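In the working numbering, the protein residues as written are -8 to 293.
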Ligand SMILES: Cc1cc2nc3c(=O)[nH]c(=O)nc-3n(C[C@H](O)[C@H](O)[C@H](O)COP(=O)(O)OP(=O)(O)OC[C@H]3O[C@@H](n4cnc5c(N)ncnc54)[C@H](O)[C@@H]3O)c2cc1C
């Protein structure tokens, strides 16, 4: 059993903390932003391995997380996870997506909006992030961990192991210039009775229904650090989404959100001395969270 400090309270930090506490470690989470203030809280958050590499590790982490979310959807309704059917729309016909092995019911469909050659229909976890992050923080506290607001100027010292889950801030905290923001904006609109998600990779455009609202996205702006939503961008997001889901016409806009995806040529998950780095999950931090947490737990125990 070790004393572990986790830096970061987004989905990656909290999942690692919950997992490490289950192994019997003593865990303290330190974070500048508390869970609901993070990029993780902005995520749509549909299970889909978007903008994260390398393929082989991402496939394994995605598969583990899919199973963990599927179990939560059935056994822990208060976690805010729902298994939902939907369709991914590639722009070119493809034989089989590289992530196909991670989902149990993938099927080709031609029931797609005009202009798309085909679609992949499958059931995916949809994670209602504000609810889920509250639940996950509750798990950390119930298991004896702590979560403290602290603006770190470097990775903490003094613990047996530090787990660095600071997302895009690892550019400074881990002196890693290869991690950079990919800004994403979404519009939250009222629920109009949708019970299927839609995702088109180019754009990117997606519509993800939740219990009381619908997340409509999105954008993908390399290197942009601003967290301020733009009204023009919101209009363009809604225009694109209407082509996918005409039922959205006239839906009331409830809110606008912006988050900074921590993009990196590859996810960094490795141990260097007493530090385990786990950041750079791009557009798939939720999708990879439980798989990565398992690997972090193994590295902490080494
Ligand atoms: C619009 C949008 C839609 C998305 N949709 C999806 C989706 O559908 N599915 C999916 O899987 N992913 C999605 N993502 C990606 C996902 O949100 C990210 O991959 C994920 O949130 C990264 O989590 P994280 O915990 O690494 O980082 P973050 O959530 O950014 O958390 C980082 C933590 O580090 C802390 N920190 C930073 N600097 C310091 C410091 N100096 N001192 C102390 N603490 C610090 C922060 O305060 C925070 O607590 C989306 C992202 C966006 C923006």
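Each residue gets a CB set at the ideal place from its N, CA and C atoms; glycine is no exception. This one's a predicted model, so the numbers in the text were calculated from it and none came from an experiment.
Residue i classed as buried or exposed, judged by whether at least 16 other C-beta atoms fall within 10 angstroms
{"i": "residue 106", "result": "exposed"}
{"i": "residue 38", "result": "buried"}
{"i": "residue 66", "result": "exposed"}
{"i": "residue 16", "result": "buried"}
{"i": "residue -6", "result": "exposed"}
{"i": "residue 264", "result": "exposed"}
{"i": "residue 99", "result": "exposed"}
{"i": "residue 46", "result": "exposed"}
{"i": "residue 29", "result": "buried"}
{"i": "residue 73", "result": "buried"}
{"i": "residue 244", "result": "exposed"}
{"i": "residue 5", "result": "buried"}
{"i": "residue 132", "result": "exposed"}
{"i": "residue 79", "result": "buried"}
Beta carbon of residue i nearer than 9 Å to that of residue j
{"i": "residue 205", "j": "residue 180", "result": "yes"}
{"i": "residue 114", "j": "residue 76", "result": "yes"}
{"i": "residue 43", "j": "residue 140", "result": "no"}
{"i": "residue 167", "j": "residue 259", "result": "yes"}
{"i": "residue 154", "j": "residue 9", "result": "no"}
{"i": "residue 310", "j": "residue 210", "result": "Residue numbering for the chain in the displayed model covers -8 to 293; residue 310 lies beyond these limits and cannot be assessed."}
{"i": "residue 185", "j": "residue 261", "result": "no"}
{"i": "residue 278", "j": "residue 41", "result": "yes"}
{"i": "residue 287", "j": "residue 12", "result": "no"}
{"i": "residue 108", "j": "residue 84", "result": "yes"}
{"i": "residue 178", "j": "residue 236", "result": "no"}
{"i": "residue 26", "j": "residue 128", "result": "yes"}
{"i": "residue 252", "j": "residue 176", "result": "no"}
{"i": "residue 54", "j": "residue 112", "result": "no"}
Contact belief for residue i with residue j at Cβ below 8 Å, rounded distance in angstroms
{"i": "residue 3", "j": "residue 276", "result": "6 Å"}
{"i": "residue 119", "j": "residue 202", "result": "6 Å"}
{"i": "residue 183", "j": "residue 170", "result": "Not really, about 37 Å apart at Cβ, beyond 8 Å."}
Near ligand 2: residue i beta-carbon under 8 Å from a heavy atom
{"i": "residue 167", "result": "This structure lacks ligand 2; the ligands present are ligand 1."}
Candidates the options: closest to residue i by CA position
{"i": "residue 207", "options": "188, 221, 173", "result": "188"}
{"i": "residue 146", "options": "267, 256, 41, 16", "result": "267"}
{"i": "residue 116", "options": "196, 142, 200, 184", "result": "200"}
{"i": "residue 213", "options": "183, 234, 250, 239", "result": "250"}
{"i": "residue 241", "options": "248, 230, 247", "result": "230"}
{"i": "residue 81", "options": "104, 5, 28", "result": "104"}
{"i": "residue 35", "options": "226, 292, 196", "result": "196"}
{"i": "residue 7", "options": "252, 215, 136", "result": "136"}
{"i": "residue 32", "options": "53, 1, 51, 54", "result": "1"}
{"i": "residue 149", "options": "248, 161, 19, 271", "result": "19"}
{"i": "residue 162", "options": "52, 254, 59", "result": "254"}
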